[in-house]
Each structure stands twice: as structure tokens, then as C-alpha cells.
């Protein structure tokens, strides 16, 4: 793991969630950065310019959809792929995420870590 | 030619027209309410006056001695009843039940004089003078005058004493009219008798009778019994109708009689009148309305409009009420009106107010106006009428404070579900019985619709709460579930350091606890809904201070993580109390946890518990004060309701059911205690208080 490995930014406030997520990604060779709320998340997107963002929706300070919008409208960051990891399971929410530019939307409680890991590896390499 | 020849002079025409007018006024007053004694008396009184006037008309045109005598006696026959009827009328107005004997004597004498007046002992011979003729007074006429005057004076005395006793200004005004009318009658009336004593008098006294009738009628309207405007309007319409028809009839009949004779001459005009009556009536009605009377509402129109409103807005409570209110305000031309609707908690909240720029207000179930209608029988409150009842002072004060003068209940399924509060008319006139009846009719017609709309409204709100609950609950539970299965998934994979595996399992474990807590909160909330909490409060003797310390130590780790310091102040002596330990521990956990959660980092939350005396009773007072996000509007009103989370709270911590304070409130109240908060506003920190009674 050095600069050659891809960086993933996880924007998630629950420790019990980002810790296993990080462990799983590090095991697959990614470098992982954590942001615990929407504001911190946007900052780190700007400064770290990750190769992938994993974004939760229900965040403190600003909600994930707004964060997604910001990322996708900012010229420096709009090419960064974003995957939504949320527990909002409604059709409209999923559609909204995809409409705003997310590449994929996972409902956390419905998928195992391995599925997320495999998807990321196959679409974004490692 | 059938048309007879009349000697038309202005006074005699006036007498005839007045006679007809007073007659119609009498008929309409009677038709309004055939059961009211006041109406019946007025009818008889007016009939007498009408008879007097008609007789006067005939008398002006009588030529021979016989006809003069006949018509003069006709006049006296009508007039003998006037004074006793007036006296009786006065008794009803002052609501007197005594003096019946005087009344019966009066009637007996009236009949006596009725008989005598047709004989020569009363009047005899004829006195002719410049303006007319009159029979000459004899012995019994003098007696009659004494009797007549006596009852007039008694009427006057009754009304005047009653007037003096009144404190109420509106009552005084009503009586003033009656006294003025009396003054006119007594001023001019006696002149009518002068010719009986061979003193010639110009023909004006009889006009006093007409004026007097009209003034009395106007006074009666101030009693809210009928609308003088309606009567004048109908009187004018039917008077004109009668005039036109008579003229047409006579004209056509005489025209036709030139060519045909016999009963056919009556047939043609009758036919014309039958065919032309309705269009003629409508024409006269619309013309008089547009010339003399402002466009008044028609009851049928209003009912039609109401039905349209019901059909159009059906279940949309707010639009329905808005349009309903507007319909009334425009038709009755009132300054303001408000509709209050029953809410699930039992209080009545105003939903639509028109006029006066008033904010919405609320009446609790204990409010005097609500209590008034709880009995179920009373139909409406009219401030001016209720003012006479000394027991209703509270209601009057409330109505004045709110600015309304009429309250009409809205009922559905025998339950009071709403109130219609109406202010004064723009013209400041009192409400007539007709208008109050109309409002009651509208209230009862719309009661069912309003009930449906408000229940539907409640249902929508409950549905919203349910949807919100489902979405919050599903999210709340998915988060710990995710943590559990991801952490265990990784731990099971193996190949991890022991320390890491342990960490993962710890996370999973804590999540199971969190989930258990959430379920617990949910089910506690459900139990509270079902009313099961109050029954289950098992108390035991315990030290409140110990409970506080337990809760604080269990939350220290979380506080440290959020960089919030907890400061605790407890008294030296134990705070002994009998409470349900689990429930109180829960309440304290909720409050301290909230304080930590919503505090800004690097601040202190201060906890104080002590025992004090309040209004002679001992109680434990607990307070926790933070320097966090504070509580402003609108959250301050709904903080203790289910699922409620303020904006600030959700931004800081989007997870959360919103059940904590709801549960805390119910647990404390089940102990007979109280929970409340003080906050300067958003961003200014909050202090939560608990009070637990010790006895």
C-alpha cells in the first residue's frame, strides 16, 4: 500500500460501520480515509482527491444527497465516482441517488461486505 | 259602471292606506309566530287600530246621519280594546305575573263598553264641522274616557318603573322607544275625542295611531322577535300588489261591462289576475328591493351555496371552513367570525378566522363556553340576551375579551365537535331571531361534513406519523443490523489479529444492545399509548442520589468521547424516595444522554439534585443544564411528543427515534411528577427540570 494503491474515502458517522468497512477495503489493498460528517467529507474530497467515495446519506451537519450534489457540481471533483451506502431503502431515495450522479446504491443491511468489496474491485480495480 | 263614486280627500286616503298597512303589519307579525303571546297581543292591538283607521276613512266620507252614526260606532267598537290590549302588552314586556285581576277587569269593562258604545247612552246625534262629522258624547262616553285613560296610565306606569329599574343600557333603549310611542299617542290621541264634545279639530289625531303602531313594532324588534325591515318590505310589496290588482280589476271590469253584462264582466279580470299574479309579484318584489331595500340574503340561496361548498371541499377541512366562514360573513355582513374545531385531546382550536387580524386561539375543555354546551340542550349564545343572566358573567367576559357576540354550536352524532363564533354586524344592529335560526340551521347542516373533514384530517396526520415512524424505525434498526452482520462477517473470515477480531465483536455486541434499546423504546411507547404504564408503577424505597450517580457513571465514556464534562452536585443527606427504580433510571438516562448528545464539544453539563418544599409539599428537584443547541420555536411546543426531533437535533445526530422525551414525560407523570425545560433559544443551551413529589 503506497501511493500506487487506490484511495477510497468513506463518509460515514457510525464507528461500528466504518471500522469493518475500512478493514475489508484495506485487506483488498485500498488506502482508506474516513470522514465522520458531511462537512468533513467535502473537505477531504477536495484535499485528498480520492479515487472513489463511499457515501452514507444520513449524516450529521449536512445530508448525503447534498454532499453528492456538491461533489458532482464542483469541477475539480465531479469525475470522482461515488457509491452510496445507505440504509434508506426506498425506491425514490435510490433513484434520487442515481439521478444525482452516483454510480451505484447499496442498502447496507441488505448486502454483505464481500459483495461491496467484489463490486468495487471489479469496477475500480485495486 | 260598477266603479262607485268616492269622495277622495287626502286625509281619508291616508286613513285608508294606514288602515291597510297596519292590517298587513298585524298579519305578518302573527304569521311569524302564532304561539307567542306578545305576537298575538300585538296582532289584536294592531287590528283594533286598523279598525279605528278604517272606520275613520269611512267616517270622512259618510254623508247621512245614519251612516255617520254607524261608522263612528264602528270606530268606538274597535277602539274600546286598545287600552286594555296595550296594558296587557306592557305586562308581558315587563314579565309581570301579578296584576291579573286588574287585567281581567279591564277586559270585562272593554266588552261592556263594546256593547254600550252601540247604543244612544254612549253617543247620540251628530256634530258636523269643517273637517268632518262626529257623534256627540253622552254619559257612558265620559265613563269610557276615564276607563280608557286609566289603563293607558297603568301601562305607562308599569313601563316607566321597569325602565327605571334597568341597569342594562340595551334594555333601556328598547323601553325608551315604547315610552316615546306612548308620548306621541297621549299627545295626539286625545284630540280625536274632542269632536265628541263638539269641539272641531283638524283631521290629524288618527295619524297618531299609525305612528304609535309602527314605533311599538320597532320596539318589539329590539326584543329580537322579528325583523321590522322584513315586515316593512313585505308590507310594501303586498300593499302595492293589492293596489295594482284592485285597480286592474276595477278598471277592466268597468271596461268590459260596457260591452257585456252579467257575471262575465267579472270573469275576464279574474282570469287576467290569475295569470298575471306571479310575474307581477316578482316584478314588484325585485323593483322594491332594488329601490328601497339593500340586497338581502335569501335563505334558500345560502343553503344552496352551503351544499356547493360541501360538495366541492368535502373532506378538505381548511378549505371547507374558509369558504363556509366567508359565506356567513358576506351574507350577514359581520365584522368577524371564527370556526373552532375539536381536536383529539379535547381542546377546541380555531381553524379559520375572518376579520380582525387575530391569531388562531384555543379553548380548553374546561372553558366556560365549552362547558355551557356540554349539557347538549342549549342552542346558541347571544351575548346581549345572556347578559341578563347573572350566572353567565364568565361567558360574557370571555366573549368580550375574544371580540365575539354570538356562539353557535356545531354538533355531529350528538357530540359537540365545533363552535362558530360570530362578531357584531358591521351595522351594529342586533341579530334577529331569523338570523340566529339561519346560523343554527347552517351549523347543523354542516355539522356532519365538518366532522368528516376533521376526522379525515386527523387520519391524515396519523398516517403521516405512521409513515414517518416506519421510515425512522426501519432506518434505526437497519444500522445496528448492518453493524452486527458486517462485524461478525469479518470476524468469521479469520486471518485477523486477535485484537482486531475482539474489536469487531465488541462493535457487534454494542449494536445488539443498541437494537435492544431501540426496540425497548418502541414497545414502551406502545405501552404508553395503550395506557399500560400507569398501572405498572411498582415503587420501592431508594436514594435518588444513588440513581443519579449510577446513570452518570454509565454515561461517562460517551461524555468523554464527545468531550463533554459532567458535573454533579448532590446534597450530603440521602434523597430518600419511593419510586420505580427502572423507570426513574430510564428517565435520568434519557436526560443525561440528551444533554451529552446535544452539547457542543468542550462544554460542561451540570447536574443538580436536591430536596425542597413547594407550596407546603416536599419534593425532589433534579436539573441538568447544558450549553448545547438549545430549544427555540417551533420545537418548544412539541418536544415531548412521539417521534419529534427538532431540526438542530437531527442535524447533530440524524439517528434517533424521537421517543426519549415522550417516554420520560409519561414515566415522570406516572409518578405524579413534572418535567419541563427552560431555554433562551437556539444555540443558548437548555436546562431540563424534574420534580418528584415525596408524598
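Protein chains in written order, with this note's numbering: chain A, -7 to 118; chain B, 80 to 774.
Ideal placement from N, C-alpha and C gives every residue a C-beta, glycine not left out.
In this text, all values refer to a predicted model and were calculated from it rather than measured experimentally.
task: Could you name the residues that DSSP lists as bridge partners for residue 755(B)?
output: Position 676 of the second chain, counted from the first residue, corresponds to residue 755(B). Note: residue 755(B) sits in a beta bridge opposite 768(B).
- prompt: Nearest to residue 582(B) by CA position, among 106(A), 105(A), 15(A) and 57(A), is which residue?
  reply: Within the second chain, the letter at position 503 stands for residue 582(B). The residue with the shortest Cα to Cα distance from residue 582(B) is 15(A).
Local conformation of residue 442(B) per DSSP, three classes: Position 363 of the second chain holds residue 442(B). Three-state DSSP puts residue 442(B) in a strand.
- prompt: the region 23 to 55 of chain A: which residues have C-beta closer than 7 Å to a C-beta of chain B, in chain order?
  reply: 50, 51, 52 and 53
message: Please list, in chain order, the chain C residues whose beta carbon lies closer than 7 Å to that of residue 16(A).
response: Included in the structure are the protein chains A and B, with no chain C among them.
query: DSSP on residue 407(B), reduced to helix/strand/coil?
result: As a position in the second chain, residue 407(B) is number 328, starting the count at 1. Reduced to three states, the DSSP call for residue 407(B) is helix.
- prompt: Hey, how far is the Cα of residue 83(B) from the Cα of residue 293(B)?
  reply: Here residue 83(B) refers to the residue found at position 4 of the second chain. Here residue 293(B) refers to the residue found at position 214 of the second chain. Here the model assigns residue 83(B) a pLDDT of 36, short of 50, so the residue's position is not dependable and the matter cannot be decided.
- prompt: Nearest chain B C-beta to residue 21(A) closer than 8 Å, yes or no?
  reply: Within the first chain, numbered from 1, the residue matching residue 21(A) stands at position 29. Judged by the 8 Å Cβ criterion, residue 21(A) is not in contact with chain B.
- prompt: Mapping DSSP to helix, strand and coil, what is residue 697(B)?
  reply: Here residue 697(B) is taken as the residue at index 618 of the second chain, counted from 1. Three-state DSSP puts residue 697(B) in a strand.
- prompt: Where does residue 757(B) land, buried or exposed, given buried means 16+ other C-beta within 10 angstroms?
  reply: Position 678 of the second chain, counted from the first residue, corresponds to residue 757(B). So residue 757(B) ends up on the exposed side.
task: Identify every run of the beta strand (DSSP E) within the region 477 to 523 of chain B, keeping only runs that are complete inside it and at least 3 residues long; order them along the chain.
output: 485 to 491 and 494 to 501
message: Pull the bridge partners of residue 208(B) from the DSSP assignment, please.
response: Working through the second chain from its first residue, we reach residue 208(B) at position 129. DSSP lists 211(B) as partners of residue 208(B).
task: Taking the CB atoms as reference points, tell me whether residue 740(B) and residue 771(B) lie closer together than 8 Å.
output: Against the second chain, residue 740(B) aligns to sequence position 661. Against the second chain, residue 771(B) aligns to sequence position 692. Cβ distance not < 8 Å, so residue 740(B) and residue 771(B) don't count as in contact.
- request: Run the CB neighbour count on residue 706(B), radius 10 Å, all protein chains shown included, and call it buried at 16 or more, exposed below.
  value: Residue mapping note: residue 706(B) aligns to position 627 of the second chain, counting from 1. By the 10 Å Cβ count, residue 706(B) comes out buried.
- prompt: What are the residues of the region 97 to 115 of chain A that lie near chain B, defined by any Cβ-Cβ distance shorter than 8 Å?
  reply: 99, 100, 101, 104, 105 and 106
message: Mapping the DSSP letters down to three states, classify residue 685(B) as helix, strand or coil.
response: The residue labelled residue 685(B) in the question sits at position 606 within the second chain. Note: residue 685(B) maps to strand in three-state DSSP.
task: May I ask you to verify whether the region 182 to 189 of chain B touches the region 119 to 131 of chain B, counting CB pairs closer than 8 Å and requiring at least 3?
output: no
field: Neighbouring residues, chain B, relative to residue 89(A) (Cβ below 9 Å)
entry: For the purposes of this step, residue 89(A) is taken as the residue at position 97 of the first chain. By Cβ distance, chain B contributes nothing, its closest Cβ being about 15 Å from residue 89(A), past 9 Å.
message: For residue 759(B) and residue 69(A), what's the separation of their Cα atoms in angstroms?
response: Taking the second chain and counting its residues from 1, one reaches residue 759(B) at position 680. Taking the first chain and counting its residues from 1, one reaches residue 69(A) at position 77. So the two alpha carbons sit approximately 42 Å from each other.
query: On the premise that residue 565(B) lies in contact with residue 105(A), defined as a C-beta separation below 8 Å, what is that separation, rounded to the nearest angstrom?
result: Position 113 of the first chain, counting from 1, holds the residue named residue 105(A). Position 486 of the second chain, counting from 1, holds the residue named residue 565(B). Sure, about 5 Å apart at Cβ, within 8 Å.
message: On the CB-based measure, 16 or more other CB atoms within 10 Å of its CB, does residue 307(B) come out buried or exposed?
response: Here residue 307(B) corresponds to residue number 228 of the second chain, with the count starting at 1. Low confidence applies to residue 307(B): its pLDDT is 48, below 50, so where it sits in the model is not reliable, and the reading given next is rough at best. Under this definition residue 307(B) is a buried residue.
query: residue 128(B) to residue 242(B), Cα distance in whole Å?
result: What you label residue 128(B) is simply residue 49 of the second chain in a count that begins at 1. What you label residue 242(B) is simply residue 163 of the second chain in a count that begins at 1. In a straight line, the C-alpha of residue 128(B) is about 26 Å away from that of residue 242(B).
- prompt: At least one CB of chain B closer than 8 Å to the CB of residue 66(A): is that the case?
  reply: Here residue 66(A) corresponds to residue number 74 of the first chain, with the count starting at 1. Taking Cβ atoms only, chain B never reaches closer than 8 Å to residue 66(A), which makes this a no.
- request: Starting from residue 40(A), follow the alpha helix (DSSP H) in both directions and report where the run begins and ends.
  value: By one-based count along the first chain, residue 40(A) stands at place 48. Note, residue 40(A): alpha helix (DSSP H), 30 to 40.
- prompt: If the cut is a Cβ gap below 8 Å, which residues of chain B does residue 9(A) touch?
  reply: By 1-based counting over the first chain, the position of residue 9(A) is 17. In chain order: 558, 561, 562 and 565.
message: Against residue 554(B), what residues of chain A qualify as contacts under a CB-to-CB distance less than 8 Å, listed in chain order?
response: Mapped onto the second chain, residue 554(B) falls at position 475. The contacting residues are 50, 79 and 80.
message: I want to see whether chain A comes within less than 8 Å of residue 586(B), judged by CB atoms only; does it?
response: The residue given as residue 586(B) occupies position 507 in the second chain. Cβ-Cβ to chain A under 8 Å: yes for residue 586(B).
message: Just verifying my parser: in three-state terms, what is the DSSP assignment at residue 119(B)?
response: Taking the second chain and counting its residues from 1, the one referred to as residue 119(B) is at position 40. DSSP places residue 119(B) in helix when its eight states are reduced to three.
- request: State whether the region 647 to 665 of chain B contacts the region 617 to 630 of chain B, with contact taken as three or more CB pairs (one from each stretch) at a distance under 8 Å.
  value: yes
message: Between which two residues does the alpha helix (DSSP H) holding residue 144(B) run?
response: Position 65 of the second chain holds residue 144(B). Its alpha helix (DSSP H) spans residues 144 to 158.
message: Tell me the rounded alpha-carbon separation between residue 359(B) and residue 221(B).
response: Within the second chain, residue 359(B) is the residue found at index 280, counting from 1. Within the second chain, residue 221(B) is the residue found at index 142, counting from 1. Going by the C-alpha atoms only, they are around 50 Å apart.
- request: Identify each residue in the region 708 to 735 of chain B for which the Cβ-Cβ distance to at least one residue of chain A is less than 8 Å, and report them in chain order.
  value: 730, 731, 732, 733 and 734
Backbone secondary structure at residue 82(A) - three-state DSSP: Here residue 82(A) refers to the residue found at position 90 when the first chain is read from its first residue. Three-state result, residue 82(A): coil.
message: Please report the distance separating the alpha-carbon of residue 412(B) from that of residue 193(B).
response: Within the second chain, numbered from 1, the residue matching residue 412(B) stands at position 333. Within the second chain, numbered from 1, the residue matching residue 193(B) stands at position 114. Going from the Cα of residue 412(B) to the Cα of residue 193(B) covers about 49 Å.
- request: Using the Cα positions of residue 477(B) and residue 423(B), report the straight-line distance between them to the nearest angstrom.
  value: Taking the first residue of the second chain as 1, we reach residue 477(B) at position 398. Taking the first residue of the second chain as 1, we reach residue 423(B) at position 344. Distance between the alpha carbons of residue 477(B) and residue 423(B): 23 Å.
- prompt: Are the CB atoms of residue 500(B) and residue 400(B) nearer to each other than 8 Å?
  reply: Here the question's residue 500(B) lines up with position 421 in the second chain. Here the question's residue 400(B) lines up with position 321 in the second chain. Their beta carbons are not under 8 Å apart, which means residue 500(B) does not touch residue 400(B) by this criterion.
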